[in-house]
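Engineer: UniProt numbering puts the first residue of the sequence shown at 1, with every later residue one more than the last.
Even for Gly, the Cβ is constructed at its ideal location relative to N, Cα and C.
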Amino acid sequence: MTTKFFDRLSDDLIRFFESGINYDASIEVGEDTDIYKVHSIVLRLRSPYFKKKFDEITFNDDFVKVLKLPKISVKVFNVIIKYVYGGIISLEKLENSVIFELLIASNELELDELINHLQTHLVYNNASWLRLNFAQVYQTSYQVKNFVIIQEFYNDIIAKHPNTIFESENFYSLPEDALISILKRDDLQLDEGKIWDYAIQWGKAKNPTLPANLDEWTSDNFLILKKTLKRCLPCVRFFSIPGKDVVEKIYPYQQLLENQLFLDINSKIIAPNRTITTSLVLPPRKVLITILPTRRNTPIPLSSKIITNEHALEISSWIDKKESAYIGNNPYDFKLLVRGSRDGFDVKTIFDICDQISNTVIILKVKDTGEILGGFNPLEWNRETNQLKKTEDSFIFSLKTSFWSNSVLSRVNENSERAICSYRRDFKFGFDHALCLRGNLKTEKKCVCKFSTLYLQPIRPFKFLAPKYTTPEDRCLFSVDEYEIFEILSNSI
1 MTTKFFDRLS DDLIRFFESG INYDASIEVG EDTDIYKVHS IVLRLRSPYF KKKFDEITFN
61 DDFVKVLKLP KISVKVFNVI IKYVYGGIIS LEKLENSVIF ELLIASNELE LDELINHLQT
121 HLVYNNASWL RLNFAQVYQT SYQVKNFVII QEFYNDIIAK HPNTIFESEN FYSLPEDALI
181 SILKRDDLQL DEGKIWDYAI QWGKAKNPTL PANLDEWTSD NFLILKKTLK RCLPCVRFFS
241 IPGKDVVEKI YPYQQLLENQ LFLDINSKII APNRTITTSL VLPPRKVLIT ILPTRRNTPI
301 PLSSKIITNE HALEISSWID KKESAYIGNN PYDFKLLVRG SRDGFDVKTI FDICDQISNT
361 VIILKVKDTG EILGGFNPLE WNRETNQLKK TEDSFIFSLK TSFWSNSVLS RVNENSERAI
421 CSYRRDFKFG FDHALCLRGN LKTEKKCVCK FSTLYLQPIR PFKFLAPKYT TPEDRCLFSV
481 DEYEIFEILS NSI
């Protein structure tokens, strides 16, 4: 068995940086120029950007290589340099705008691991901020490379709510790659005739010298627009456009199309059942039909001493894997099964009461910190045997409180045998190592959150996280003031 002591290694390397001993390079950061004394060998190993830059820079008279990064703020570089040396990053005290600034800087410095982590953090923990800053962040995500996770997040929203972008004042400045990525979506919820209209409008906006009156256009004018839309036109599903729209919308711009394509569009109108073999026929877009469950007239009131109705709506949206929290009516009833102050705090009690019940949420109010932690278990509890259980639908979380500025969601990232760990005879229950409950939750300080390979997003601050394979320090262990377990029931009739 191999034991890895990463924490000690990380601390030692950070102290090495802070000491400034044997430094051979300095980095001038920000407009006011804070100077960081660094070791080029460390930065070369961690980043292709630093390797290239330090290869290009020559030593000055003091045998030091000087690199200037005026566009990166000191606040952001403080985070980056600790990540480079120690492999650690703490985001809980950073504003979302700073985290996004950190993402842009990480991209510039080619810190691939950090790029993916920061995007995932924003998408899963700060989706509301991303929506609020849609225009700025979406534009930026296509102006720089590697922001694929954020791009997919926004494109999912646009596909379902196309007016978000097509009717916004930022539409005409949309980068070409961004527009193409939207037009390629099979689930874009927009009539194909409207898609054609928007493509034409976007192309015209890129060529403001084109005549406003189409009757005044020359062949050269059409050629200019055709070149502008060269990559967009193949994304339009022409054979899904009704005949009336073809006459009203396509005919005036027929010079933008290849002759054969225009002939095939016309022949499809005349003979709808005729098979087209000379032009590419893209399948119709998938229309999403949302069937809302019938609500009870009087939903069961939430019976909780820990969470609010808003918390319950957020948890319900996570169960349904929605991008944003439900508002108003909750599609689920939270049926209280166990409450510590009423039924007892032993994990054994949980197993006895919840035996054979599936789809449950456990809510914990952490003693001293006031954190609200929890997890969703879609599988049945079993009081008879110790089990490791497989599922791809479980998740753990920390809810927004005075302790956390935003809720934190961490889904199981693979269909693992250890997604749910159930040890009734040992008075122990957990979501892999990420959230473990043991013994008496109130009188024994044995609960812990550890680093996990299955639930990658920690739900507690890093100072409270325990290493996976070593005995947790006392500061990482916690007990609870209260806990509740709810069975999640659909409130449809």
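1. What does DSSP give as the partner residue(s) for Ile27 in the beta ladder?
2. Measure the CB-CB distance between Thr401 and Gly370 and report whether it falls below 8 Å.
3. Which one of Tyr36, Glu384, Asp355 has the shortest CA to CA distance from Ser19?
4. Between the C-alpha atoms of Pro70 and Glu28, what's the straight-line distance to the nearest angstrom?
5. Could you check if Leu409 is buried or exposed, using at least 16 other CB atoms within 10 Å of its CB as the buried criterion?
6. How big is the Cα-Cα spacing for Ser398 and Gly430?
7. Hey, is Asn78's beta-carbon within less than 8 Å of any beta-carbon in chain C?
8. Whether or not the region 245-257 and the region 222-237 are in contact is what I'm after, with contact meaning three or more pairs of Cβ atoms, one per stretch, closer than 8 Å; do they touch?
9. Have a look at Ser40 and Leu111 and give me their C-alpha separation to the nearest angstrom.
10. Can you list, in chain order, the residues of its chain with a C-beta nearer than 6 Å to that of Phe166? Leave out the 5 residues immediately preceding and following it.
11. Determine, using beta-carbon pairs with one atom in the region 348-360 and one in the region 462-471, whether at least three such pairs fall under 8 Å.
12. Would you mind reading off the limits of the alpha helix (DSSP H) that contains Arg438?
13. For the beta strand (DSSP E) that contains Ala271, what are its first and last residues?
14. Below 7 Å CB to CB, which residues in the same chain sit around Glu380 once its five sequence neighbours on both sides are set aside?
15. Considering only the alpha carbon of each residue, which of Leu454, Tyr251, Lys446, Ser407 lies closest to residue 498?
16. Use the C-beta contact count for Leu388: other C-beta atoms within 10 angstroms, 16 or more gives buried, fewer gives exposed.
17. Going by C-alpha distance, which of Ser279, Thr218, Glu392, Pro234 is nearest Pro252?
18. Between Ser267, Glu192, Asn221, which has its C-alpha nearest Arg237's C-alpha?
19. Going by alpha carbons, who is nearest to Phe153 out of Asn146, Asp32, Ala127?
20. Under DSSP, the alpha helix (DSSP H) around Lys204 begins and ends at which residues?
21. By the 10 Å Cβ neighbour count, where 16 or more other Cβ atoms means buried, how is Ile291 classified, buried or exposed?
22. Whose C-beta lies closer than 6 Å to the C-beta of Tyr49 among residues of the same chain, with five residues either side of it excluded?
23. Can you tell me whether DSSP reads Lys230 as helix, strand or coil?
24. Going by DSSP in three states, Arg411 sits in which element: helix, strand or coil?
25. Under a three-way DSSP split, which group does Phe451 fall into?
26. Who are the near neighbours of Asp11 in its chain, counting only those whose CB is closer than 8 Å to its CB and skipping five residues on each side?
27. How would you label His161, buried or exposed, when you count the other beta carbons within 10 angstroms and need 16 or more for buried?
28. Rounded C-beta distance between Cys447 and Arg438? I'm assuming under 8 Å.
29. I'd like the list of long-range same chain contacts for Thr391, defined as Cβ closer than 6 Å, with 5 residues on each side in sequence excluded.
30. Give me, in chain order, the residues of the same chain whose beta-carbon lies closer than 8 Å to that of Ile149; leave out the 5 immediate sequence neighbours on both sides.
31. With 16 as the cutoff for other CB atoms within 10 Å, does Asn329 come out buried or exposed?
Structural biologist: Taking the structure as given:
1. DSSP lists Tyr36, Leu67 as partners of Ile27.
2. yes
3. Tyr36
4. 7 Å
5. buried
6. Near 15 Å, if we compare the C-alpha coordinates of Gly430 and Ser398.
7. No chain C appears in this structure, which consists of one protein chain only.
8. yes
9. 15 Å
10. Tyr198
11. no
12. Looking at the DSSP string, Arg438 is not in any alpha helix (DSSP H); the run it does join, the beta strand (DSSP E), is 435-438.
13. That residue, Ala271, is in no beta strand (DSSP E); it is neither H nor E in DSSP.
14. Gln356, Ile357, Ser358
15. Residue 498 cannot be examined here, being either before or after the span of the chain that is shown, 1 to 493.
16. exposed
17. Thr218
18. Glu192
19. Ala127
20. 192-205
21. Unreliable positioning characterises Ile291 in this predicted model, as indicated by a pLDDT of 46, which lies under 50. The coordinate reading is nonetheless provided below. Its Cβ having fewer than 16 others within 10 Å, Ile291 is exposed.
22. Closer than 6 Å at the Cβ level, and outside the excluded window around Tyr49, lie Leu109, Glu110.
23. coil
24. In the three-state scheme derived from DSSP, where H, G and I count as helix and E and B as strand, Arg411 is classed as strand.
25. If DSSP states are grouped into helix, strand and coil, Phe451 belongs with coil.
26. Gly86
27. Burial call: exposed.
28. 6 Å
29. Pro378, Leu379, Ala419
30. Asn116, Gln119, Thr120, Val123
31. exposed
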